[in-house]
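First residue of the sequence shown: 54, per my numbering; consecutive thereafter.
C-beta atoms are modelled at their ideal positions from N, C-alpha and C, and glycine is treated no differently.
For reference, the structure is listed below as structure tokens.
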Amino acid sequence: MPTDIAFLAIAEAQQLYHWLPAALELARRPDVRVSILSPSDQILALVESYDPTGSLRRVRLRRPPSRPDSLFRQPSRLATLLLNYPTIARFPTLVTTEISSAWLRRVPGFRSRLILIKHGAGDREGGYKKRHRDFDLTLVAGEKDRRRMIDRGLCTAETVAVGGYPKFDLKADRQRFFPDDKPVLLYNPHFDPALSSWINHGPAMLAALESLTDWNVIIAPHTKLAIKAPPIVSSAPHIRVDMGSRHSIDMSYTMSADVYLGDVSSQVYEFLIQPRPCIFLNLDHRDASGDAFAHWKLGQVIERADALPQALARANDLQPGFVAAQEAAMQQSIDLSPVPASQRQADLILNFAKKGV
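So this is what it looks like as structure tokens:
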């Protein structure tokens, strides 16, 4: 009998890159059958684009009433879970990247074991919820998250493991998005209204970015920002705006930029796969001493949008002073083992699944 493992793909497309590498690796293993469960034809098509041999069994879940299918807007997760409960619950091992699936624990008779791949490697406190306790095993990117999950009582040392950052296994190559060779600045604002530099200061930020005619600028916010705010629009020829596409989630932009500009997005750690200059925006003059702002030690922090040109002018000169901190932060946030994260996660998932047989 093959070991049956199902991946619950009920979240938006940006989470796919955190579980798909492990799913593909598991499907290569002997006597393992991997199913992908999703209510989205677009999500399943994106999976298929990385699986030309059809090693993954794609299962289209029933779709609750919702907006038209989209990579970045999925139907209610709870409604999807309840509508498809008989299909989902027949798998002995379920892997997911979102914590809504913990609601399955509330259904009488539910016996599947739940594995959470914690997506992202950021510092924001929003990444730690009580529902994390409902998972039998949690895989995190690095020691930072392992320690925080244990310290917050969300896991024990036995129920959390470091598996690396599998998104790096599928990362896009560096690309040219502009016709000239000017340096590229990536602006990556977060979606949280309480912390986002764009939601609170959009006009000032756009004016500052449009003034940077010696730079090419990619504005690629977290894809959830499109739900929180109107589309960002600019006619400046040196600005590319992407409110949500495959480029915005497959590391195309973090691999292709020369300088990172942001607030609290965990994408800074994807950018720092190669140490490069970072600039952080503290436009609301926050106390940055807490964990949520730990990455602000990895680059310049500016408190006015109009200070951006000067920060960019000195970014390369200051960068040598940040390299050691960037490398140390990466070592804690993302465990960069010579063994690919997809293999490490697959080993952890398969060993855990077999224990329950």
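* Measuring alpha carbon to alpha carbon, tell me which of Asp400, Arg186, Arg113 and Arg116 ends up nearest Leu207. => Arg186
* Asked: What are the complete alpha helix (DSSP H) segments, minimum 4 residues, inside the stretch 166-247?
  -> 196-204
* Among the residues of its own chain, which have a CB less than 6 Å from the CB of Arg126, if the five just before and after it don't count? -> Correct list, in chain order: Arg120.
* To do: Would you mind listing the beta strand (DSSP E) stretches within the stretch 110-153 that are 3+ residues and don't spill past its ends, in chain order?
  => The DSSP assignment places complete beta strand (DSSP E) segments of no fewer than 3 residues inside the stretch 110-153 at 110-113 and 146-149, in order along the chain.
* To do: Alpha carbon to alpha carbon, how far is Asn404 from Pro242? Give it in angstroms, no decimals.
  => For Pro242 and Asn404, the distance between alpha carbons rounds to 38 Å.
* Asked: How is Ile272 classed by DSSP in three states: helix, strand or coil?
  -> strand
* In angstroms with no decimal places, state the Cα-to-Cα distance between Gly216 and Ser264. => 42 Å
* **Per-residue burial, Gly309 [other beta carbons within 10 Å of its own, 16 or more giving buried]** => Note that residue 309 is Ser in the sequence shown, not Gly. Label assigned to Ser309: buried.
* **According to DSSP, residues forming a beta bridge with Tyr313** => Leu239 and Cys331
* Residue range of the alpha helix (DSSP H) that includes Gln95 -> Asp94 to Ser102 is the extent of the alpha helix (DSSP H) around Gln95.
* Asked: What's the C-alpha gap between Val160 and Leu136?
  -> 12 Å
* Asked: Whose C-alpha, out of Leu157, Val321, Ser123 and Pro118, is nearest the C-alpha of Ser129?
  -> Pro118
* Limits of the unbroken alpha helix (DSSP H) element including Ser250 -> Ser250 to Glu263
* Counterpart residues of Gln353 in DSSP-defined beta bridges -> Ile332
* **Beta-carbon spacing of Ala382, Ile332 below 8 Å** => The answer is no: Cβ separation not under 8 Å.
* Could you tell me which residues DSSP puts in a beta bridge with Ser91? => Arg113
* Asked: What did DSSP end up calling Ala394 once you bin it into helix, strand or coil?
  -> helix
* Output yes or no for whether 8 Å exceeds the beta carbon distance between Gln68 and Glu151. => yes
* **Cα-Cα separation, Asp233 to Gln379** => 29 Å
* To do: Under 8 Å by Cβ, that's how I've got Tyr218 and Ile387 pegged, so tell me the actual separation to the nearest angstrom.
  => Confirmed, Cβ separation roughly 4 Å.
* What's the gap between the Cα of Phe244 and the Cα of Val392? -> 33 Å
* Asked: Comparing alpha-carbon positions, which option in Val317, Leu223 and Ser319 lies nearest Pro74?
  -> Leu223
* Asked: Expressed to the nearest angstrom, what Euclidean distance is found between the alpha-carbon atoms of Tyr306 and Arg166?
  -> Spanning the two alpha carbons is a distance of roughly 36 Å.
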